[in-house]
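Residue numbering for the sequence shown is -17 to 373, as defined by the numbering used here. Backbone N, C-alpha and C define an ideal beta-carbon position, used for all residues, glycine too. Quick caveat: nothing in here was measured; it's all calculated off a predicted structure. Here the structure comes first, spelled out in C-alpha coordinates, and everything after it is commentary.
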Amino acid sequence: MTSPTKPSDPVKKVLLADPPPPPEPKPDLVAAAAKQSGVSPFTQFYHMLKLRYGAQGIRFNDYYDLRLFDPSKSMEEKCEFVGSDANLELNKRLSNADEVKLERQILMRKALAEAYFRSKDLSVTTTQATLGYSGQISYIPNLDDEAAVAEFLREKAVYPLFAKPDKGSRSVGSARIDSFDAATDTLKIGNGQSIKVADFAREIIEDYSDGFAFQHVVEQHPEATRVAGPAVGTVRVVTVHDGEKANLLYALWKLPAPNAMSDNFWQDGSLLAALNPDDGTIRTVRRGTGIRQETLDTHPTTGAAFDGFAIPMWDEVVKLATAAHDTLPKIGILGFDIALGKDGPLIVECNTNPFHTLYQIAEGRGIYCKELRPRIEKIASRFDGADPAHA
(Lines of atoms letter the chains of each structure in order from A and count residues from 1; the text may use other names and numbers.)
(Lines give C-alpha, C1' and ligand atoms only; values in the text may rest on other atoms or scores of the structure.)
Protein backbone atom coordinates (compact mmCIF):
# COMPACT_ATOMS: atom_id res chain seq x y z
CA MET A 1 0.00 0.00 0.00
CA THR A 2 1.39 3.36 -1.01
CA SER A 3 1.48 5.98 1.72
CA PRO A 4 -0.15 9.30 0.84
CA THR A 5 2.12 12.02 -0.41
CA LYS A 6 2.89 14.55 2.27
CA PRO A 7 2.04 18.05 1.06
CA SER A 8 5.03 20.30 0.73
CA ASP A 9 5.43 23.09 3.21
CA PRO A 10 4.31 26.47 1.91
CA VAL A 11 7.13 28.69 0.73
CA LYS A 12 7.91 31.31 3.32
CA LYS A 13 7.61 34.83 1.97
CA VAL A 14 10.42 37.32 2.54
CA LEU A 15 8.95 40.66 1.49
CA LEU A 16 8.09 42.81 4.48
CA ALA A 17 4.49 42.18 5.52
CA ASP A 18 1.96 44.87 6.37
CA PRO A 19 1.75 45.28 10.16
CA PRO A 20 -1.58 44.41 11.79
CA PRO A 21 -3.88 47.33 12.57
CA PRO A 22 -3.26 48.85 15.98
CA PRO A 23 -5.44 47.28 18.67
CA GLU A 24 -7.78 49.26 20.82
CA PRO A 25 -6.26 49.98 24.25
CA LYS A 26 -6.75 47.19 26.74
CA PRO A 27 -7.32 47.62 30.49
CA ASP A 28 -3.74 46.66 31.30
CA LEU A 29 -2.44 49.45 29.05
CA VAL A 30 -4.77 51.97 30.65
CA ALA A 31 -3.62 50.81 34.08
CA ALA A 32 0.07 50.95 33.08
CA ALA A 33 -0.36 54.49 31.74
CA ALA A 34 -2.09 55.48 34.99
CA LYS A 35 0.74 54.00 37.05
CA GLN A 36 3.42 55.71 34.95
CA SER A 37 1.73 59.11 34.73
CA GLY A 38 -0.49 59.34 37.80
CA VAL A 39 -3.45 60.15 35.50
CA SER A 40 -6.52 58.12 36.46
CA PRO A 41 -8.26 55.87 33.90
CA PHE A 42 -11.36 58.08 34.14
CA THR A 43 -9.36 61.20 33.24
CA GLN A 44 -7.61 59.34 30.43
CA PHE A 45 -10.96 58.32 28.96
CA TYR A 46 -12.33 61.87 29.24
CA HIS A 47 -9.29 63.26 27.41
CA MET A 48 -9.48 60.53 24.75
CA LEU A 49 -13.08 61.41 23.94
CA LYS A 50 -12.31 65.12 23.76
CA LEU A 51 -9.39 64.55 21.38
CA ARG A 52 -11.14 61.86 19.33
CA TYR A 53 -14.13 63.96 18.37
CA GLY A 54 -12.38 67.29 18.03
CA ALA A 55 -10.47 68.56 15.03
CA GLN A 56 -7.48 66.49 16.17
CA GLY A 57 -9.07 63.15 15.21
CA ILE A 58 -6.97 61.30 17.79
CA ARG A 59 -7.88 57.62 17.90
CA PHE A 60 -7.58 55.79 21.19
CA ASN A 61 -4.39 54.01 20.11
CA ASP A 62 -2.96 57.39 19.01
CA TYR A 63 -3.61 58.72 22.50
CA TYR A 64 -1.24 56.14 23.97
CA ASP A 65 1.29 55.95 21.14
CA LEU A 66 1.77 59.73 21.29
CA ARG A 67 1.92 59.71 25.09
CA LEU A 68 -1.00 62.11 25.40
CA PHE A 69 -1.64 60.73 28.88
CA ASP A 70 1.51 62.57 30.00
CA PRO A 71 0.43 65.19 32.59
CA SER A 72 3.34 67.44 31.66
CA LYS A 73 1.40 68.32 28.47
CA SER A 74 -1.41 70.80 28.93
CA MET A 75 -4.72 70.19 27.17
CA GLU A 76 -3.82 73.05 24.85
CA GLU A 77 -0.61 71.24 23.90
CA LYS A 78 -2.46 67.93 23.46
CA CYS A 79 -4.84 69.65 21.06
CA GLU A 80 -1.85 70.49 18.83
CA PHE A 81 -1.48 66.78 17.93
CA VAL A 82 -3.30 65.12 15.04
CA GLY A 83 -4.27 61.50 14.38
CA SER A 84 -4.04 59.67 11.07
CA ASP A 85 -7.38 60.95 9.73
CA ALA A 86 -6.63 64.56 10.66
CA ASN A 87 -3.12 64.08 9.22
CA LEU A 88 -4.65 63.47 5.79
CA GLU A 89 -7.03 66.40 6.16
CA LEU A 90 -4.14 68.68 7.10
CA ASN A 91 -2.24 67.72 3.95
CA LYS A 92 -5.35 68.09 1.79
CA ARG A 93 -5.64 71.68 3.01
CA LEU A 94 -2.21 72.43 1.54
CA SER A 95 -3.03 71.68 -2.09
CA ASN A 96 -5.90 71.84 -4.55
CA ALA A 97 -6.42 68.17 -5.36
CA ASP A 98 -8.13 68.83 -8.70
CA GLU A 99 -5.19 70.88 -9.95
CA VAL A 100 -2.43 68.39 -9.10
CA LYS A 101 -3.87 65.05 -10.18
CA LEU A 102 -1.13 64.41 -12.74
CA GLU A 103 1.64 65.42 -10.34
CA ARG A 104 0.24 63.12 -7.65
CA GLN A 105 -0.02 60.21 -10.09
CA ILE A 106 3.65 60.67 -10.95
CA LEU A 107 4.82 60.96 -7.36
CA MET A 108 2.84 57.98 -6.09
CA ARG A 109 4.79 55.68 -8.43
CA LYS A 110 8.38 55.42 -7.27
CA ALA A 111 10.08 54.77 -10.60
CA LEU A 112 8.10 57.52 -12.34
CA ALA A 113 9.00 59.95 -9.56
CA GLU A 114 12.67 59.00 -9.95
CA ALA A 115 12.48 59.61 -13.71
CA TYR A 116 10.72 62.93 -13.14
CA PHE A 117 13.30 64.29 -10.69
CA ARG A 118 16.15 62.95 -12.82
CA SER A 119 14.74 64.92 -15.77
CA LYS A 120 15.08 68.03 -13.58
CA ASP A 121 18.80 67.27 -13.03
CA LEU A 122 18.26 66.39 -9.38
CA SER A 123 20.14 63.61 -7.60
CA VAL A 124 18.06 60.45 -7.20
CA THR A 125 18.54 56.77 -6.50
CA THR A 126 18.93 54.44 -9.50
CA THR A 127 16.35 51.86 -10.50
CA GLN A 128 17.84 48.80 -12.20
CA ALA A 129 14.55 47.34 -13.48
CA THR A 130 10.79 47.61 -13.04
CA LEU A 131 7.74 45.39 -13.28
CA GLY A 132 4.42 46.68 -14.59
CA TYR A 133 5.64 49.64 -16.65
CA SER A 134 5.59 48.22 -20.21
CA GLY A 135 8.29 50.54 -21.45
CA GLN A 136 6.92 53.76 -19.93
CA ILE A 137 10.42 54.79 -18.81
CA SER A 138 12.89 54.48 -21.66
CA TYR A 139 16.08 54.10 -19.65
CA ILE A 140 14.78 51.48 -17.16
CA PRO A 141 14.33 47.87 -18.38
CA ASN A 142 10.82 46.52 -17.75
CA LEU A 143 10.22 42.92 -16.68
CA ASP A 144 7.04 41.51 -18.20
CA ASP A 145 6.50 38.30 -16.23
CA GLU A 146 7.79 35.86 -13.62
CA ALA A 147 10.38 34.38 -15.97
CA ALA A 148 11.76 37.84 -16.77
CA VAL A 149 12.04 38.68 -13.06
CA ALA A 150 13.94 35.45 -12.40
CA GLU A 151 16.25 36.03 -15.38
CA PHE A 152 17.01 39.55 -14.17
CA LEU A 153 17.86 38.34 -10.66
CA ARG A 154 20.12 35.59 -12.00
CA GLU A 155 21.88 37.36 -14.83
CA LYS A 156 21.55 41.13 -14.82
CA ALA A 157 20.99 42.45 -11.30
CA VAL A 158 23.78 44.35 -9.59
CA TYR A 159 23.90 43.40 -5.91
CA PRO A 160 23.15 44.53 -3.32
CA LEU A 161 19.79 45.86 -4.44
CA PHE A 162 16.59 47.01 -2.80
CA ALA A 163 13.32 45.48 -3.98
CA LYS A 164 10.03 47.27 -3.28
CA PRO A 165 6.52 47.83 -4.62
CA ASP A 166 6.20 50.73 -7.01
CA LYS A 167 3.30 52.06 -4.97
CA GLY A 168 2.59 52.03 -1.26
CA SER A 169 4.24 53.19 1.93
CA ARG A 170 5.72 52.07 5.26
CA SER A 171 8.22 49.81 3.43
CA VAL A 172 5.52 47.13 3.08
CA GLY A 173 6.52 44.59 0.42
CA SER A 174 10.19 45.57 0.45
CA ALA A 175 13.39 43.60 0.94
CA ARG A 176 17.10 44.21 0.70
CA ILE A 177 18.81 41.51 -1.38
CA ASP A 178 22.49 41.23 -0.55
CA SER A 179 23.66 38.62 -3.05
CA PHE A 180 22.86 35.79 -5.48
CA ASP A 181 24.42 32.33 -5.15
CA ALA A 182 24.42 30.76 -8.61
CA ALA A 183 25.40 27.34 -7.27
CA THR A 184 22.21 27.07 -5.20
CA ASP A 185 20.09 29.50 -7.26
CA THR A 186 19.40 31.34 -4.01
CA LEU A 187 19.11 34.96 -2.94
CA LYS A 188 20.47 36.11 0.41
CA ILE A 189 18.09 38.59 2.03
CA GLY A 190 19.32 41.44 4.22
CA ASN A 191 17.67 40.06 7.38
CA GLY A 192 19.58 36.77 7.11
CA GLN A 193 16.93 34.76 5.29
CA SER A 194 17.51 32.97 1.99
CA ILE A 195 15.05 32.17 -0.79
CA LYS A 196 15.14 30.44 -4.15
CA VAL A 197 15.06 32.81 -7.11
CA ALA A 198 11.96 31.12 -8.54
CA ASP A 199 10.10 31.45 -5.24
CA PHE A 200 11.02 35.12 -4.89
CA ALA A 201 9.97 35.90 -8.46
CA ARG A 202 6.67 34.10 -7.86
CA GLU A 203 6.06 36.07 -4.64
CA ILE A 204 6.53 39.36 -6.47
CA ILE A 205 4.21 38.39 -9.33
CA GLU A 206 1.54 37.06 -6.99
CA ASP A 207 1.52 40.08 -4.68
CA TYR A 208 2.79 43.06 -6.70
CA SER A 209 2.28 42.41 -10.41
CA ASP A 210 0.81 45.91 -10.82
CA GLY A 211 4.18 47.53 -10.12
CA PHE A 212 7.55 46.71 -8.57
CA ALA A 213 11.02 48.22 -8.66
CA PHE A 214 14.58 47.02 -8.11
CA GLN A 215 16.90 49.81 -6.99
CA HIS A 216 20.60 50.14 -6.30
CA VAL A 217 21.42 50.13 -2.60
CA VAL A 218 22.89 53.50 -1.69
CA GLU A 219 26.49 53.46 -0.46
CA GLN A 220 26.00 55.48 2.70
CA HIS A 221 28.13 58.39 3.90
CA PRO A 222 30.76 57.00 6.30
CA GLU A 223 29.78 59.37 9.11
CA ALA A 224 26.17 58.18 8.97
CA THR A 225 27.37 54.57 9.02
CA ARG A 226 29.67 55.25 11.96
CA VAL A 227 26.79 56.49 14.06
CA ALA A 228 23.83 54.42 12.85
CA GLY A 229 25.33 51.27 11.33
CA PRO A 230 25.42 50.04 7.72
CA ALA A 231 21.67 49.90 7.00
CA VAL A 232 20.62 53.04 5.13
CA GLY A 233 18.45 55.36 7.18
CA THR A 234 16.89 58.18 5.20
CA VAL A 235 16.26 61.73 6.32
CA ARG A 236 12.57 62.63 6.12
CA VAL A 237 12.54 66.23 4.92
CA VAL A 238 9.11 67.90 4.87
CA THR A 239 8.90 71.05 2.79
CA VAL A 240 6.17 73.62 2.17
CA HIS A 241 5.72 75.91 -0.83
CA ASP A 242 4.33 79.42 -0.43
CA GLY A 243 3.82 80.00 -4.16
CA GLU A 244 7.20 81.64 -4.62
CA LYS A 245 9.65 79.14 -3.17
CA ALA A 246 9.91 75.98 -1.11
CA ASN A 247 11.13 76.02 2.48
CA LEU A 248 11.96 73.41 5.08
CA LEU A 249 9.14 72.75 7.57
CA TYR A 250 10.85 70.04 9.62
CA ALA A 251 13.21 67.08 9.28
CA LEU A 252 13.84 63.73 10.98
CA TRP A 253 16.44 61.01 10.66
CA LYS A 254 14.94 57.52 10.48
CA LEU A 255 17.45 55.03 11.88
CA PRO A 256 16.77 51.34 11.11
CA ALA A 257 16.56 48.70 13.80
CA PRO A 258 19.67 46.48 13.99
CA ASN A 259 18.11 43.63 11.99
CA ALA A 260 15.73 45.66 9.82
CA MET A 261 16.05 45.92 6.06
CA SER A 262 14.52 49.40 5.90
CA ASP A 263 14.10 52.45 8.09
CA ASN A 264 10.36 52.35 8.65
CA PHE A 265 9.62 53.27 12.26
CA TRP A 266 6.93 50.64 12.86
CA GLN A 267 9.58 47.90 12.78
CA ASP A 268 10.56 46.91 16.31
CA GLY A 269 13.75 48.63 17.49
CA SER A 270 13.77 51.45 14.94
CA LEU A 271 14.74 54.95 16.07
CA LEU A 272 13.62 58.47 15.23
CA ALA A 273 15.94 61.45 15.58
CA ALA A 274 14.47 64.94 15.74
CA LEU A 275 16.72 67.39 13.89
CA ASN A 276 17.49 71.06 14.34
CA PRO A 277 16.36 72.61 11.04
CA ASP A 278 19.13 75.22 11.13
CA ASP A 279 22.11 72.89 11.09
CA GLY A 280 20.87 69.29 11.07
CA THR A 281 22.12 68.47 14.57
CA ILE A 282 20.26 65.83 16.55
CA ARG A 283 17.95 67.18 19.24
CA THR A 284 16.51 63.95 20.62
CA VAL A 285 16.44 60.28 19.64
CA ARG A 286 13.50 58.10 20.61
CA ARG A 287 12.77 54.39 20.32
CA GLY A 288 9.30 52.98 20.62
CA THR A 289 6.00 54.61 21.50
CA GLY A 290 3.66 55.01 24.42
CA ILE A 291 4.55 53.67 27.84
CA ARG A 292 7.58 51.81 26.41
CA GLN A 293 9.10 54.82 24.68
CA GLU A 294 12.76 55.49 25.46
CA THR A 295 14.99 58.50 24.87
CA LEU A 296 18.50 57.40 23.89
CA ASP A 297 21.85 59.14 24.21
CA THR A 298 23.84 56.56 22.25
CA HIS A 299 23.09 54.18 19.40
CA PRO A 300 22.19 50.75 20.82
CA THR A 301 24.38 48.88 18.31
CA THR A 302 27.28 51.15 17.36
CA GLY A 303 27.58 52.85 20.74
CA ALA A 304 28.07 56.21 19.02
CA ALA A 305 26.91 59.28 20.92
CA PHE A 306 24.04 61.27 19.41
CA ASP A 307 24.74 64.52 21.24
CA GLY A 308 26.29 67.06 18.90
CA PHE A 309 26.08 64.86 15.81
CA ALA A 310 25.01 66.73 12.67
CA ILE A 311 23.62 65.12 9.54
CA PRO A 312 26.43 65.06 6.92
CA MET A 313 25.97 67.50 4.04
CA TRP A 314 23.01 69.12 5.77
CA ASP A 315 22.88 72.19 3.55
CA GLU A 316 22.92 69.95 0.47
CA VAL A 317 20.10 67.81 1.89
CA VAL A 318 17.87 70.85 2.40
CA LYS A 319 18.85 72.34 -0.96
CA LEU A 320 17.98 69.09 -2.77
CA ALA A 321 14.55 68.79 -1.13
CA THR A 322 13.59 72.43 -1.69
CA ALA A 323 14.88 72.39 -5.28
CA ALA A 324 12.75 69.30 -5.96
CA HIS A 325 9.69 70.93 -4.40
CA ASP A 326 10.29 74.09 -6.43
CA THR A 327 9.55 72.02 -9.56
CA LEU A 328 6.06 71.28 -8.11
CA PRO A 329 4.86 74.65 -6.77
CA LYS A 330 1.14 73.80 -6.97
CA ILE A 331 1.59 71.25 -4.18
CA GLY A 332 1.81 73.00 -0.82
CA ILE A 333 3.48 70.22 1.19
CA LEU A 334 5.73 67.28 0.31
CA GLY A 335 7.75 64.76 2.30
CA PHE A 336 11.06 63.62 0.83
CA ASP A 337 13.03 60.57 1.95
CA ILE A 338 16.65 61.46 1.26
CA ALA A 339 19.53 59.00 1.52
CA LEU A 340 22.92 60.22 2.69
CA GLY A 341 25.09 58.85 -0.12
CA LYS A 342 28.87 58.90 0.14
CA ASP A 343 29.05 61.46 -2.69
CA GLY A 344 25.99 63.48 -1.75
CA PRO A 345 22.31 63.23 -0.84
CA LEU A 346 19.89 61.34 -3.09
CA ILE A 347 16.09 61.47 -3.32
CA VAL A 348 14.70 57.99 -2.61
CA GLU A 349 10.98 58.77 -2.51
CA CYS A 350 8.56 61.68 -2.38
CA ASN A 351 5.29 61.60 -0.41
CA THR A 352 2.29 63.81 -1.11
CA ASN A 353 0.77 62.87 2.26
CA PRO A 354 3.63 63.16 4.78
CA PHE A 355 2.95 61.18 7.96
CA HIS A 356 3.30 63.82 10.68
CA THR A 357 2.98 61.22 13.44
CA LEU A 358 6.72 60.68 12.98
CA TYR A 359 7.39 64.33 13.83
CA GLN A 360 5.04 64.13 16.80
CA ILE A 361 6.77 61.05 18.19
CA ALA A 362 10.29 62.37 17.60
CA GLU A 363 9.66 65.86 18.97
CA GLY A 364 7.10 64.98 21.63
CA ARG A 365 4.84 67.79 20.45
CA GLY A 366 2.05 68.25 17.92
CA ILE A 367 2.39 69.26 14.29
CA TYR A 368 0.12 72.24 15.08
CA CYS A 369 2.57 73.52 17.70
CA LYS A 370 3.15 77.26 18.03
CA GLU A 371 6.33 77.04 15.95
CA LEU A 372 4.78 75.31 12.93
CA ARG A 373 1.10 76.21 12.91
CA PRO A 374 1.48 79.78 11.57
CA ARG A 375 3.61 78.47 8.71
CA ILE A 376 1.07 75.74 7.92
CA GLU A 377 -1.79 78.26 7.94
CA LYS A 378 0.15 80.55 5.61
CA ILE A 379 0.43 77.76 3.06
CA ALA A 380 -3.21 76.72 3.56
CA SER A 381 -4.30 80.27 2.77
CA ARG A 382 -3.04 79.72 -0.79
CA PHE A 383 -5.75 77.11 -1.23
CA ASP A 384 -8.50 78.50 1.05
CA GLY A 385 -7.80 75.65 3.45
CA ALA A 386 -9.83 76.60 6.53
CA ASP A 387 -8.22 76.22 9.93
CA PRO A 388 -10.03 73.16 11.42
CA ALA A 389 -9.79 74.63 14.90
CA HIS A 390 -11.92 77.59 13.82
CA ALA A 391 -13.97 76.12 10.97
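In this structure, the beta-carbon distance from ALA210 to LEU237 falls below 8 Å.
In the DSSP assignment, SER66 falls within the alpha helix (DSSP H) that extends over 66 to 75.
CA-to-CA, the gap between ALA362 and LYS60 works out to about 22 Å.
Sequence-distant Cβ neighbours of GLU359 in its own chain, meaning closer than 7 Å and more than five residues away, are ASP369. Per DSSP, GLU62 lies in no beta strand (DSSP E) segment and is marked neither H nor E.
In the structure shown, ALA13 adopts helical secondary structure according to DSSP, grouped into three states. Spanning the alpha carbons of GLN118 and LYS92 requires a straight line of approximately 13 Å. In summary, LEU31 is exposed, with fewer than 16 beta-carbon neighbours lying within 10 Å of its beta-carbon over all protein chains present. Taking a contact to require three or more Cβ pairs closer than 8 Å, the stretch 208 to 224 and the stretch 302 to 317 qualify as touching. VAL199 is not a Cβ neighbour of PHE162, given a cutoff of 8 Å.
Rounded to whole angstroms, the separation of the alpha carbons of THR109 and ILE177 is 22 Å. Apart from the 5 residues on each side of it in sequence, ARG265 sits with its Cβ closer than 7 Å to the Cβ of ALA256, LEU257, ASN258 in its chain, given in chain order.
Counted as a single uninterrupted DSSP element, the beta strand (DSSP E) harbouring ASN333 occupies residues 326 to 333. The C-alpha of ILE313 is placed about 5 Å away from the C-alpha of SER77. For LYS55, the closest C-alpha among the options GLU345, ARG357, PHE365, LEU354 is that of GLU345.
A check of alpha carbon separations from ILE349 across THR280, ASN73, TYR35, GLY20 identifies ASN73 as the nearest. Taking C-beta separations shorter than 7 Å and ignoring five residues to either side along the sequence, the partners of ALA286 in its chain run ARG208, VAL209, THR280, following chain order.
Around the beta-carbon of ARG268, 16 or more other beta-carbon atoms lie within 10 Å, marking it buried.
In the DSSP secondary-structure assignment, ARG91 is not bridged to any residue. With a beta-carbon spacing of about 6 Å, VAL106 and LEU328 fall inside the 8 Å limit used to define contacts.
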